[in-house]
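Protein chains in written order, with numbering that gives the first Met the number 0: chain S, 0 to 82; chain B, 0 to 82; chain E, 0 to 232; chain A, 0 to 733.
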Amino acid sequence: MTLIKANVVVQLKSAVHDPQGETIRHALEQLELGQVESVRQGKFFELTVEASSKEEAEKIVREIALRVLSNPVLEVFQVEIES
Amino acid sequence: MTLIKANVVVQLKSAVHDPQGETIRHALEQLELGQVESVRQGKFFELTVEASSKEEAEKIVREIALRVLSNPVLEVFQVEIES
Amino acid sequence: MPRFAVCVFPGSNCEEDVQYALQNVLGEPTDLVWHKDTSLEGYDAAILPGGFAHGDYLRPGAVARFSPIMTAIQKMADEGKPVIGICNGFQMLQEAGLLPGAMLRNQTLTYICRYLHLRPEQLDSPLTSGLSEGELLRIPIGHADGNFYADDETLETLERNDRVVFRYVNAQGAREDTANPNGAANAIAGVRNERGNVLGLMPHPDRCYQEELGTADGRKLFESLIAWTKERT
Amino acid sequence: MRLEESLAAHNLTREEYDAIVGKLGREPNENELGLFSVMWSEHCSYKSSRVHLKRLPTRGPRVLQGPGENAGVVDIGHGLAAVFKVESHNHPSFIEPFQGAATGVGGIIRDIFTMGARPVALMNSLRFGPLTVPKNRRLLSGCVAGIASYGNSMGIPTLGGEVVFEDCYNLNPLVNAFCLGLASKDRIFLAKAEGEGNPVFYVGAKTGKDGIHGATMASAEFDEAAEEKRPTVQVGDPFLEKLLLEACLELMATDALVAIQDMGAAGLTCSTAEMGARGGLGIEIELNRVPQREAGMTPYEILLSESQERMLLVAKAGREAEVEAIFKKWDLDAAAIGKVTGDGLLRVLAAGKTVAEVPNRALVDEGPVYERPMKRPAYLDAVAAVELPEPTDLEETFVRMLASHTIASKHWIFEQYDHMVQSNTIVMPGGDAGVIRVKGTPMALAMCLDGNGRYTYLDPYLGGATAVAEACRNIAAVGATPVGATNCLNFGNPEKPEIMWQFARAVDGIRDACERFDVPITGGNVSFYNETEGKGIYPTPVVGVVGILEDATKRVRHYFRTDGDIVYLMGNTDEELGASEYLKLVHGRNDGSPPRLDLDTEAALQSFTREVASRGLMHSAHDLSDGGLGVAIAESLFGPLGETMGASIALETPRRADGVLFSETQSRILTSVPSASADAFLALAEEHGVPVKRIGVTGGDTLEIRVNGTSAISKNVDDLREVWWNAIEKGLLR
Ligand SMILES: Nc1ncnc2c1ncn2[C@@H]1O[C@H](COP(=O)(O)OP(=O)(O)O)[C@@H](O)[C@H]1O
Ligand SMILES: [Mg+2]
């Protein structure tokens, strides 16, 4: 068993309006740091799991992302296992 | 000028306490979905900016990440420009 | 005599307000039940109260839905007994899949604690059976994530099947953007399940059950719940 | 490191170091130097303020616990006690507004439940530079969101506070947080170790490298090197604190607990040393047993960490299992880290080896005490009375006053705070004082926070006294009797004689007013060094007063409620525009003399108001403060649920119209009285020797104000409310 790091990005589905992203975009407009077309905010999780292989780690992390870290009504997620 | 997508991940500095991540880890422990050593929670932003090159886009996004999306007192960030 | 259960999760903070309204003000036996308990045997209705279960870390209600008590809640729902979620309790019922939709951050991005106007849309629900046609409620909200979201198809089903129980309206009882405090889709403040016995609402009847607290409109909702439960036990 | 460098890093002077050597009879090691550095810091030892604070009245028949413990305790009858205190979190909030303000709230809440009380109310006093500066907009939004996140999550209603905008707070915002709890009168817990051999437990969050040197940071002026002090920012965990609160209260309901103390500034060091010193005992702890968040922390770091949400407690020997079981129920660890000893020493072991050994008393009671030099500041000589031009358009000026951020509605702020949870709030924020009923009794508690930096800057004595008078007046306006006070004294660098003079004078003002109104000070906090790059704040004493209403149903609200009521002004009006909000806003200056204060006049007004309230003779009462009569009239038109009511007012003055409208003469309250009660009201006024003047009637949907028979203001009430209601939001959106 080794410790394996994984990153999970959880984002709102594209059809879902994102009040936080929208507010940030609006704020950026005022600041004139550059022309920003859109901002979408999501969540990022860095997990360290114990597993015997990258494959096993990915399986565990996917399950966690699906059941706990994201809400399927609103969100989609991506998993990346660090090498 | 073209539209360029960029991702920004903002995370707490490693020495900074992350109660949210800790609480999630604790909850996962109870669920027994796998052996999770640690969870750190961060933020994820997907930006679409108008720029003439990837380099310019990166410059704009870095500035935004530094000045708006993160708080340098507590957080660090990473920028990735999509190709 | 019916018995009411108010489930307490770590981080809940409105359980005593609900208990006080039901028991001290309206005289109905009401117990606090710890989230690690596995049974709600002997209870005729259950309420999931407001607060910040597990700090609302991750998402409101996301961790609470895994608590052992939620299995018992599911069972009560299946048996057709009233299960009411107030605020954080509503969010838990959504996370558990007992009620549709999910909550986004309020449009303002801030927590909002304020009295507003609420229009009951259905008078045959556990919380509204005692209200009269056309009656508006003055009731407070207190939440940061009450921006009801469901996809278009779900929204349509909810509307078509009379499952929207409460809506945010203005003082005249009309829908208006400025009367919608959090940006909720279709100004939805409360919904029920298909069977009608599981109901969630963001506003807090447990904060306005006596005139001196602002209004006593919340008391009407609890009285409805009591009558509804008595009729069915 | 050379000694000088080490001392500089520890903010200790050479003399202080020599005193330490004297007490130990040897040179301190690095850990011990760290212990002394935090315990002898200004923040923990009150070394500059102590000699002055001694002058405050702290005793009274109701006082169960005065200053010196985690919070003050006042007997409120019915077998209950109110436990309350106010504390500053200014520096951390400037560095990181959200977390700084949040952890400030977390800290004051711990101070309250440490004493065995369930927290039932919060308030906060905030000061920022003007919102025209973007940084200040971020500070305001961040601090408010932080306060909200912590208090809301804990399920404690935030009942009120104050927010003031002034240039002097530009680089030095003030964030003072107040908490009040209720306890059974005979179940108050103290931080006093007892019983040799009793186990010492550590409960709550794990220790990390957070905020090391936070206490010394709050004891030094800011400079550009503040950047380097940044890792001291901490992230609050209100969820953990909520668990800690419930677990501690559950433990307190047993009799297994001997003493308990939260770990605030200076963390483990301060809590152990204070518990030991108060009991005249020693405490021995083993650092290896302290739950740690990161590997490889040094003893120095563990001792000085200011990680939040931690408590230290002493239990009865033999009852360990009970303690552990209760914390386990709440998913918390309780670690036995040491024991009470008889030798009076704080002995710190790491893996069995002694790494520090210092008498508790030396750390806690024998710190330096300074009588710092004082000097009356020269700027006070320049105070001039000047001819002010009268505004050409009084109505426009009036509307501008309502839009001043200091005067405008604070709903954008207090609506972010849960102010209804616990379902006891019977006067919501927006009134003169917040009021909660006490379930199980007929009574209610009123509370408010007040302070005026401008007054204090121009006359520190008067500023201190006026803060107390205004706070007590706010309590009287809801019908309650003040029973206790707390204060947070926000000042500049005490090593400057002018600052020290301001401080001493303000304390004298507070003392005299408290004595006159019979309100003991049961605790508080001093925040010095509110200076950045040599620029300091106005001296800003903030006073919190708690009052009792024996009959909760008699509470009075501040807004007009019924058509056709008579509007009376209680108290005389002089033309006192010095230091006023009007002077600043309209004429851009802060000078002149603040309004006079006669303590006897004030006391008579307050007892008259209370009696009118208890007889149910008035429909509303609103105290006059910032912006004077004009603003008080306007605020009386706006109810908390959006209801409005007009009024028709006629004022007379031999002098200027702006004077009568905006003078900030003290000791005045505006009231509306049903005409059937008018005779009884006037008779009572006579009896109390309080001058009252009929100035108008309520009703309609406009505000009409005539001055000397000429119409000065004629405005639709909803339009006025719109201006007043939205000003802060507009300021933030700019
Ligand atoms: N920081 C704050 N938090 C909560 N409530 C606040 C805050 N600041 C102001 N308020 C509320 O807004 C109202 C107006 O404040 P203020 O003008 O300072 O009152 P007063 O002049 O009567 O002392 C009060 O009810 C006060 O409690
Ligand atoms: Mg005011």
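We treat Cβ as the ideally placed atom computed from N, Cα and C, and that holds for glycine.
8 angstroms Cβ cutoff, E/Arg206 in contact with chain A: Stepping through the third sequence from its first residue, residue 206 of chain E is reached at position 207. With 8 angstroms as the cut-off, E/Arg206 counts as an interface residue toward chain A.
Three or more C-beta pairs below 8 angstroms linking the stretch 7 to 27 of chain E and the stretch 49 to 64 of chain E: Enough Cβ pairs lie closer than 8 angstroms, so yes.
Three-way DSSP call (helix, strand, coil) for S/Phe43 in this model: As a working mapping, residue 43 of chain S is identified with position 44 in the first sequence. Here S/Phe43 sits in strand by DSSP.
Under the three-state DSSP convention, the category A/Phe661 falls into: Locating residue 661 of chain A in the fourth sequence gives position 662, counting from the first residue. Taken through DSSP and simplified to helix, strand or coil, A/Phe661 comes out as helix.
Is there contact here, the stretch 600 to 616 of chain A with the stretch 525 to 543 of chain A, by at least three beta-carbon pairs under 8 angstroms? Too few Cβ pairs lie closer than 8 angstroms, so no.
DSSP puts A/Gly429 in a beta bridge; with which residues? What you label residue 429 of chain A is simply residue 430 of the fourth sequence in a count that begins at 1. Note: A/Gly429 sits in no beta bridge, so no partner.
Mind checking if A/Ala432 is an interface residue toward chain E, Cβ cutoff 8 angstroms exclusive? Along the fourth sequence, read from residue 1 onward, the residue named residue 432 of chain A stands at position 433. False, the Cβ-Cβ gap to chain E never drops below 8 angstroms.
A/Asn571: buried (16+ other C-beta within 10 angstroms of its C-beta) or exposed? As a working note, residue 571 of chain A is residue 572 in the fourth sequence. Exposed, by the Cβ-count rule.
Start and end residues, beta strand (DSSP E) containing A/Arg309: Indexing the fourth sequence from 1 puts residue 309 of chain A at position 310. Here the beta strand (DSSP E) through A/Arg309 covers 309 to 314.
If you draw a straight line from the C-alpha of A/Ala80 to the C-alpha of A/Asn171, how long is it? The residue you call residue 80 of chain A lines up with position 81 of the fourth sequence. The residue you call residue 171 of chain A lines up with position 172 of the fourth sequence. Those two C-alpha atoms are separated by around 35 angstroms.
Curious, which full-length alpha helix (DSSP H) runs of at least 4 residues does the stretch 11 to 86 of chain A contain? 13 to 23, 29 to 38, 41 to 44, 49 to 52
Does any CB atom of chain B fall closer than 8 angstroms to the CB of S/His63? If you number the first sequence from 1, residue 63 of chain S lands on position 64. Here residue 63 of chain S is Ile; the residue named in the question, His, does not match the sequence. At least one chain B Cβ lies under 8 angstroms of S/Ile63.
Quick one, which residues of the stretch 682 to 708 of chain A are near chain E if we go by CB-CB under 8 angstroms, in chain order? none
Within 10 angstroms of its Cβ, does A/Met38 collect 16 or more other Cβ (buried), or is it exposed? Numbered from its first residue, the fourth sequence carries residue 38 of chain A at position 39. Within 10 angstroms of the beta-carbon of A/Met38 lie 16 or more other beta-carbons, which makes it buried.
Measuring only between beta-carbons, confirm whether B/Gln19 sits less than 8 angstroms from chain E. The residue labelled residue 19 of chain B in the question sits at position 20 within the second sequence. Yes, because at least one Cβ of chain E sits closer than 8 angstroms to the Cβ of B/Gln19.
Tell me the rounded alpha-carbon separation between A/Ile406 and A/Asp625. One-based indexing of the fourth sequence puts residue 406 of chain A at position 407. One-based indexing of the fourth sequence puts residue 625 of chain A at position 626. Rounded to whole angstroms, the separation of the alpha carbons of A/Asp625 and A/Ile406 is 7 angstroms.
I'd like to know whether the C-beta of B/Lys53 is nearer than 8 angstroms to at least one C-beta of chain S. Position 54 of the second sequence, counted from the start, is the residue given in the question as residue 53 of chain B. At a cut-off of 8 angstroms, the C-beta of B/Lys53 has no neighbouring C-beta in chain S.
Could you tell me which uninterrupted beta strand (DSSP E) segments, each at least 3 residues in length, are contained entirely in the stretch 133 to 213 of chain E, listed from first to last along the chain? 136 to 142, 146 to 148, 163 to 168, 187 to 191, 197 to 200
Which residues bound the beta strand (DSSP E) around B/Phe76? Counting from 1 along the second sequence, the entry for residue 76 of chain B is found at position 77. Residues 74 to 80.
Helix, strand or coil for E/His116 per DSSP? Mapped onto the third sequence, residue 116 of chain E falls at position 117. Note: E/His116 maps to strand in three-state DSSP.
Could you check whether the stretch 32 to 51 of chain A touches the stretch 360 to 368 of chain A, counting it as contact only if at least three pairs of C-beta atoms, one from each stretch, sit closer than 8 angstroms? yes
Straight-line gap, A/Gln98 to A/Ser140 (C-alpha atoms, nearest Å): Translated into positions along the fourth sequence, residue 98 of chain A becomes position 99. Translated into positions along the fourth sequence, residue 140 of chain A becomes position 141. Roughly 12 angstroms separates the two Cα atoms.
Cβ-based neighbour list, E/Thr109, same chain, cut-off 6 angstroms, excluding 5 preceding and 5 following: Mapped onto the third sequence, residue 109 of chain E falls at position 110. Excluding residues within five positions, none has a Cβ falling inside 6 angstroms.
Alpha-carbon spacing of A/Glu659 relative to A/Ser87, whole angstroms: Numbered from 1 along the fourth sequence, position 660 holds the residue referred to as residue 659 of chain A. Numbered from 1 along the fourth sequence, position 88 holds the residue referred to as residue 87 of chain A. The question names Glu, yet the displayed sequence has Val at residue 659 of chain A. Cα-Cα distance, rounded: 36 angstroms.
Mind pulling the chain E residues with CB within less than 7 angstroms of S/Leu46? Here residue 46 of chain S is taken as the residue at index 47 of the first sequence, counted from 1. Under a criterion of Cβ atoms nearer than 7 angstroms, no residue of chain E is adjacent to S/Leu46; the nearest Cβ is some 13 angstroms distant.
Per DSSP, what kind of secondary structure is A/Arg229 in: helix, strand or coil? Looking up residue 229 of chain A in the fourth sequence gives position 230. Low per-residue confidence applies at A/Arg229: pLDDT is 40, beneath 50, and the placement is therefore not dependable, though the value from the model is reported in the following sentence. In the structure shown, A/Arg229 sits in a helix (DSSP, three-state: H, G or I).
Give the secondary structure of E/Glu78 by DSSP, where H, G and I count as helix, E and B as strand, and everything else as coil. Within the third sequence, numbered from 1, the residue matching residue 78 of chain E stands at position 79. E/Glu78 falls in the coil class under three-state DSSP.
Quick one: measure Cβ to Cβ for A/Lys191 and A/Arg58, integer angstroms, because I've assumed they're closer than 8 angstroms. Residue 191 of chain A sits at position 192 when you count from the first residue of the fourth sequence. Residue 58 of chain A sits at position 59 when you count from the first residue of the fourth sequence. Not confirmed; about 20 angstroms, so no contact.
Out of A/Tyr168, A/Leu179, A/Leu173, which one is the CA nearest neighbour of A/Val437? Taking the fourth sequence and counting its residues from 1, the one referred to as residue 437 of chain A is at position 438. Ranking the options by Cα distance to A/Val437, first place goes to A/Leu179.
Which bits of chain B does S/Leu73 rub up against, with CB to CB less than 8 angstroms? Taking the first residue of the first sequence as 1, we reach residue 73 of chain S at position 74. Those do not exist, as S/Leu73 stays about 14 angstroms from chain B at its closest Cβ, beyond 8 angstroms.
Between B/Leu32 and chain E, is there a C-beta pair that is closer than 8 angstroms? For the purposes of this step, residue 32 of chain B is taken as residue 33 along the second sequence, with counting starting at 1. No, no contact with chain E.
One or two residues paired with A/Thr157 in a DSSP bridge: Start at 1 with the first residue of the fourth sequence, and residue 157 of chain A comes out as number 158. Answer by DSSP bridge pairing, in chain order: A/Leu121.
Under three-state DSSP, which class holds E/His34? Position 35 of the third sequence, counted from the start, is the residue given in the question as residue 34 of chain E. E/His34 falls in the coil class under three-state DSSP.
Cβ shell of E/Ala101 (< 6 angstroms), same chain only, five flanking positions each side left out: Along the third sequence, read from residue 1 onward, the residue named residue 101 of chain E stands at position 102. Hits under 6 angstroms: Gln93, Tyr148.
Please list the terminal residues of the continuous beta strand (DSSP E) segment that includes A/Tyr460. Within the fourth sequence, numbered from 1, the residue matching residue 460 of chain A stands at position 461. Note, A/Tyr460: premise wrong, no beta strand (DSSP E); alpha helix (DSSP H) at 459 to 476.
In terms of DSSP beta bridges, what is A/Val696 paired with? Here the question's residue 696 of chain A lines up with position 697 in the fourth sequence. DSSP lists A/Ile565, A/Ser647 as partners of A/Val696.
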